[in-house]
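Residue numbers (the numbering used here): 6 to 253.
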């Protein structure tokens, strides 16, 4: 697979681990789980281990790929990199020693900017003091519904250069969202044949909270059967704001 990404808020992907398990409503229609099933059928080496069918699926067992640790050293030009687009680095089955190896690579390649995103905010908070946090590492948590707002409190305790929220797929309003010590918010709707609806009021409420708090806001998509089906214009504008630390 190419490291280049079609995700609007990044430029490349790097997967030193693959596989995951569903843990909240945002995982119900997981794109990575569906993609791993196809990659397994195509014979892709990284996606041959099957996960627990109750929470995971074909080709989606949590698997470490130490051979992939060297990949960023081969990129000649600086780029923004989404780490583990096909996994979660803070999954309980990813050992602390391997997480430290990933962080060592990121620290050793300061020309790149790395974006980590997790739904396992509690483990992120617990491991954060045991990790060295270089200035080119951003960390975010997924907050897809009101039920997951506690993840933001965990994130606030992490000493990353940039802390961000991914409110995607946004499944309801985030009343009471506190953006203290948050630098960036991404919001967007779900895509795929079983996509759930997105209401404009949910998005504009988040946008307004960002504007009031001086937080960068990025609206990724309305969603639909395909990611681009509904476009990404909100109230007549395209919102592509990035945090101030975006300049490497």
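Every residue gets a Cβ at the ideal spot worked out from N, C-alpha and C, and that includes glycine.
Asked	Found
Less than 8 angstroms between C-beta atoms, sequence neighbours within five positions excluded: which residues of the same chain meet that for residue 186?	161 and 168
Taking residue 103 as part of the alpha helix (DSSP H), name the residues at either end of that continuous run.	101-113
So residue 190 packs on residue 211, CB below 8 angstroms; how close in whole Å?	6 angstroms
Taking residue 67 as the reference, which of 25, 53, 86 and 80 has the closest Cα?	25
Using the Cα positions of residue 248 and residue 88, report the straight-line distance between them to the nearest angstrom.	18 angstroms
Under 8 angstroms, with one C-beta from each stretch per pair, do the segment 144-155 and the segment 37-49 reach the 3-pair mark?	no
Output the distance between the C-alpha atoms of residue 235 and residue 103, rounded to the nearest integer angstrom.	39 angstroms
Contact defined as beta carbons within less than 8 angstroms: I believe residue 203 pairs with residue 181. What is the distance between those atoms, to the nearest angstrom?	About 19 angstroms; that fails the 8 angstroms criterion.
In the DSSP assignment, find the beta strand (DSSP E) that holds residue 191 and state where it starts and stops.	189-193
If we require 4 or more residues per run, which alpha helix (DSSP H) segments fall completely within the segment 121-161?	126-132 and 155-161
Would you call residue 135 buried or exposed, if buried means 16 or more other Cβ atoms sit within 10 Å of its Cβ?	exposed
Kindly indicate which three-state DSSP category residue 221 falls into: helix, strand or coil?	strand
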